[in-house]
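**Student:** First the structure, then my questions, so here it is.
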Amino acid sequence: MRLAALEVFTDCLRLHYSTRGIKSTIHIQDEISRPTSTMRLLNTCLSDTGHFLIQEFFDYELPPYAILSHTWGEEEVTFQEINAMGAKEKSGYNKIIQCCSVARADGYKYVWIDTCCIDKTSSAELSEAINSMYLWYQKSELCYAILADIQSEDEIYKSRWLTRGWTLQELIAPSRVIFLNERWEVLGDRATLRDKLSKYTGIPAGILSGEEDLETSSVAQRMSWAAKRQTRRVEDRAYSLMGIFNVNMPLIYGEGENAFIRLQEEIMRISDDQSLFAWVSSDDRGGLLATSPAAFTQSHNIVRFNPVGSLDSPFTVNSRGVHLDIGFAGISVDGLGLAILNCKERTCTQGNQQDKVIAIYLKDLDFTMSQFKRVHSESFRLNNLETFRPVEYPVRRICVRGGRTMLMRKRVAAKQDEISPENIHLYDQVKLPTHYIDPAALLVATEAGIKGGVWLLLTRSNIGIEATNLNGQTPLSLAAENGQECIVHMLLQRGASIETKNSDSQTPLSLAAANGHGRIVQMLLERGAATEPDNPNGQTPLSLAVENGHEDIVQMLLERGAEIETKDQWGKKTPLALAAAKGYGGIVQMLLEKGVETETKDLLWSKKTPAVQYAAKGHGRIVRKLLERAGVKEANDNWLYTPLLEATQNGHEDIAKMLSDAKVKIKHSMLR
Numbered sequence: 001m002r003l004a005a006l007e008v009f010t011d012c013l014r015l016h017y018s019t020r021g022i023k024s025t026i027h028i029q030d031e032i033s034r035p036t037s038t039m040r041l042l043n044t045c046l047s048d049t050g051h052f053l054i055q056e057f058f059d060y061e062l063p064p065y066a067i068l069s070h071t072w073g074e075e076e077v078t079f080q081e082i083n084a085m086g087a088k089e090k091s092g093y094n095k096i097i098q099c100c101s102v103a104r105a106d107g108y109k110y111v112w113i114d115t116c117c118i119d120k121t122s123s124a125e126l127s128e129a130i131n132s133m134y135l136w137y138q139k140s141e142l143c144y145a146i147l148a149d150i151q152s153e154d155e156i157y158k159s160r161w162l163t164r165g166w167t168l169q170e171l172i173a174p175s176r177v178i179f180l181n182e183r184w185e186v187l188g189d190r191a192t193l194r195d196k197l198s199k200y201t202g203i204p205a206g207i208l209s210g211e212e213d214l215e216t217s218s219v220a221q222r223m224s225w226a227a228k229r230q231t232r233r234v235e236d237r238a239y240s241l242m243g244i245f246n247v248n249m250p251l252i253y254g255e256g257e258n259a260f261i262r263l264q265e266e267i268m269r270i271s272d273d274q275s276l277f278a279w280v281s282s283d284d285r286g287g288l289l290a291t292s293p294a295a296f297t298q299s300h301n302i303v304r305f306n307p308v309g310s311l312d313s314p315f316t317v318n319s320r321g322v323h324l325d326i327g328f329a330g331i332s333v334d335g336l337g338l339a340i341l342n343c344k345e346r347t348c349t350q351g352n353q354q355d356k357v358i359a360i361y362l363k364d365l366d367f368t369m370s371q372f373k374r375v376h377s378e379s380f381r382l383n384n385l386e387t388f389r390p391v392e393y394p395v396r397r398i399c400v401r402g403g404r405t406m407l408m409r410k411r412v413a414a415k416q417d418e419i420s421p422e423n424i425h426l427y428d429q430v431k432l433p434t435h436y437i438d439p440a441a442l443l444v445a446t447e448a449g450i451k452g453g454v455w456l457l458l459t460r461s462n463i464g465i466e467a468t469n470l471n472g473q474t475p476l477s478l479a480a481e482n483g484q485e486c487i488v489h490m491l492l493q494r495g496a497s498i499e500t501k502n503s504d505s506q507t508p509l510s511l512a513a514a515n516g517h518g519r520i521v522q523m524l525l526e527r528g529a530a531t532e533p534d535n536p537n538g539q540t541p542l543s544l545a546v547e548n549g550h551e552d553i554v555q556m557l558l559e560r561g562a563e564i565e566t567k568d569q570w571g572k573k574t575p576l577a578l579a580a581a582k583g584y585g586g587i588v589q590m591l592l593e594k595g596v597e598t599e600t601k602d603l604l605w606s607k608k609t610p611a612v613q614y615a616a617k618g619h620g621r622i623v624r625k626l627l628e629r630a631g632v633k634e635a636n637d638n639w640l641y642t643p644l645l646e647a648t649q650n651g652h653e654d655i656a657k658m659l660s661d662a663k664v665k666i667k668h669s670m671l672r
């Protein structure tokens, strides 16, 4: 009921203003709130007072209308000027008169002309209009394309109209397009001229005729249609393509090339078409994304195709770059590889179609298979579809630098480690073995610390990552023992087992803890490595870290809940006893804070005294900590030495006094 009343009120307002020759749009917009979007249309008949009437319609009540496609001149008539003094003196005024005359003759009461039907002084209205423009052309019953710089059909290829960015959607979107020359004489329509238009624009004839849907063309193909077109403002090269890709985004004039980056990011939200990355340009500031439609000049024959199997996850974009599933394999030890896009190039040689799979060059920035950048963007590699082996390019989730943060970076001279075009050419000539790789190759590369070699082998789908050497060590065990963080990360990324044991029953975590490789210990713990692996020698990662004085690792293991009362197989020493004997005061303090038992005895040497006896060998600070923690009782070992006697005989007077003051009783007897 309320909606019906609103419609009646709206009609009354329109009638009130239109009978006075006043532009009703401004007033109606002030009087009522819009339940939906609106469109201004120009009445093809002048009012009784000789004024143009511009009326505003909600999208659900649009009357049949024609629409104009043209290139702007220097004297276009704007929304504010159309009924103003001096408008008739402008050359653009005649264009409006002619368009209305032609449309009226064709039976249309209304026509839409962008120069005078949009209030460009309102940024909000301009943004809404540009986002709606493809739809407005699509909804029109007839589009007049005025080619004001030619006279005949044979001159169409010369027309400036074919070079402008905005006219691309104006050619494709309408159901019918009629072309007129400078005298407004009909040259033909899109159906009769489709072959010529297809030749000049690169747009398939099926798209122009309406026999094929626009979505049947890949992203790269659609971009290629705009590659050679120009706009007055650099941002409009992107904004004029929004309708072609069925995306919407706010207009930010002043953002420059970022507009095209934003357009591509919006495309990725609704499409998984990787032909978006099938561009070539020396300008690689956009990373994985192109900085201009011009980068797609060579992409007109690229169609969608999935050569490597299922790609389940959609694109995501964040500050790091573009995250995507893609088939990838390394081709050199310096981190260079080929990423297989899910598209192909259609080529025809001597009548035979020879489709080729498209690959782009990526470089792994830190050999971790997590952060890549595109290199050698001046070309992509074409692989013959008949000889292409998908199994050589395992699909993985990677992140490639790209987007607005990349674009902001200034161009800099190439660094020494950049991949040169000459090297790219050399790598393309190398054929690495793919059917069989020696299982020992990965072990050799890992033990030698050749991270590039390890990386290259791990990009292959058929490499054995659990091979062992004579000591039962896997590549992960070797890397953990030797502190090769990058290699450990690569192996973990590839799924290497974290609980394998060498011939001494030591896991990668034990080896890393024993050798003080804290970052590797952290990586393994984050992957869920066991802190008490089954070990016949009783050694745990904690006891090994304690024995070697690695406080940071001890702290990590304690925070993960490592058992603090374990005993080794040889001396039956607990972590506390090991720390006390070595004088590691910091570690002793950590263990005491965790509530460690201070009276645990060494069982191997006949009930050796508590940890205080080890401290009595000269570690006064530890003795004090232990005495403060608990009342330490007297105990003798096989040789019947007490802590006091041991401290005295070794000249540790301060410790002896400390023990005496603690009233440690002396029981002493000589060896028999």
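full-length UniProt numbering applies: residue 1 is where the sequence shown begins, and numbers increase by one.
Note that beta-carbon positions come from the ideal geometry of N, C-alpha and C, so glycine has one too.
#1: Measure the C-alpha to C-alpha separation of E481 and I261 and round it to an integer number of angstroms.
#2: In the structure shown, what three-state DSSP assignment does L180 receive?
#3: Do H65 and S152 have their CB atoms nearer than 8 Å?
#4: Would you grab the beta carbon distance between G472 and S503 for me? Rounded to a whole angstrom, and I think it's under 8 Å.
#5: Under 8 Å, with one C-beta from each stretch per pair, do the stretch 269 to 276 and the stretch 329 to 338 reach the 3-pair mark?
#6: Take the Cβ of Y60 as the centre, count every other Cβ of all protein chains shown within 10 Å, and call the residue buried at 16 or more, exposed below.
#7: Just to check my reading of the structure: K373 and L362 have Cβ atoms closer than 8 Å, yes? What is that Cβ distance to the nearest angstrom?
#8: According to DSSP, is C45 part of a helix, a strand, or is it coil?
#9: Beta carbon of E76, beta carbon of G50: below 8 Å?
#10: On a CA-only basis, which of L162, A581 and A173 is nearest K196? Give me that one, please.
#11: For G202, which option in R229, G188, V186 and W184 has the closest C-alpha, if you only look at C-alpha atoms?
#12: Go ahead and label T474 buried or exposed: buried means 16 or more other beta carbons lie within 10 angstroms of its beta carbon, across all protein chains shown.
#13: Look up C117 in the DSSP assignment and give the residues it is bridged to.
#14: Hey, how far is the Cα of M658 from the Cα of D568?
#15: With DSSP as the reference, label P216 as helix, strand or coil.
#16: Give the straight-line distance between the Cα atoms of L68 and R460, rounded to the nearest whole angstrom.
#17: Could you tell me how far apart the beta carbons of T540 and T566 are, in whole angstroms, since I believe they sit closer than 8 Å?
#18: Please report the distance separating the alpha-carbon of R285 from that of L591.
#19: Which residues in the same chain have their Cβ closer than 6 Å to the Cβ of Q371, if we skip the five residues on either side of it in sequence?
#20: Three or more beta-carbon pairs under 8 Å between the stretch 229 to 244 and the stretch 252 to 267, yes or no?
#21: Under a Cβ-count criterion, where at least 16 other Cβ atoms within 10 Å of its own Cβ denotes burial, should G528 be classed as buried or exposed?
#22: Let me know if V375 comes out buried or exposed under the rule of 16 or more other beta-carbons within 10 Å of its beta-carbon.
#23: Taking N83 as the reference, give the member of I96, A545 and M242 with the closest Cα.
#24: Determine the burial state of H652: buried for a count of at least 16 other Cβ atoms within 10 Å of its Cβ, exposed for fewer.
#25: Suppose you measure from the CA of L171 to the CA of D325; what does that come to, to the nearest Å?
#26: By the three-class DSSP mapping on this structure, what secondary structure does M242 have?
#27: So, using beta-carbon positions, are V588 and A581 closer together than 8 Å?
#28: DSSP on N318, reduced to helix/strand/coil?
#29: Exposed or buried, Q264, counting other C-beta atoms within 10 Å across all chains shown (16 or more means buried)?
#30: Go through the stretch 454 to 486 residue by residue and report every complete run of the alpha helix (DSSP H) that reaches 4 residues or more, in order.
#31: Would you kindly work out how many angstroms separate the C-alpha atoms of S282 and T291, rounded to a whole number?
#32: Can you list, in chain order, the residues of its chain with a C-beta nearer than 6 Å to that of R494? Leave out the 5 residues immediately preceding and following it.
#33: Would you call the stretch 509 to 517 and the stretch 534 to 551 touching, i.e. three or more CB-CB distances under 8 Å?
#34: For the candidate residues A129, K109 and E563, whose alpha-carbon lies nearest to that of I118?
#35: What's the C-alpha gap between C99 and Y144?
#36: Look up Q274 in the DSSP assignment and say whether it is helix, strand or coil.
**Tutor:** In brief:
#1: 45 Å
#2: strand
#3: It is Tyr, not His, that sits at residue 65 in the sequence shown. Taking 8 Å as the Cβ cut-off, Y65 and S152 do not qualify as a contacting pair.
#4: 4 Å
#5: no
#6: exposed
#7: 7 Å
#8: coil
#9: no
#10: L162
#11: R229
#12: buried
#13: In the DSSP output, where bridge partners are listed per residue, C117 has none listed.
#14: 30 Å
#15: Correcting the residue type first, residue 216 is Thr in the shown sequence and not Pro. Looking at T216 - three-state DSSP - the assignment turns out to be helix.
#16: 57 Å
#17: 5 Å
#18: 53 Å
#19: L365 and C399
#20: yes
#21: exposed
#22: buried
#23: I96
#24: buried
#25: 35 Å
#26: coil
#27: no
#28: strand
#29: buried
#30: 475 to 482
#31: 10 Å
#32: L458 and I465
#33: yes
#34: A129
#35: 8 Å
#36: helix
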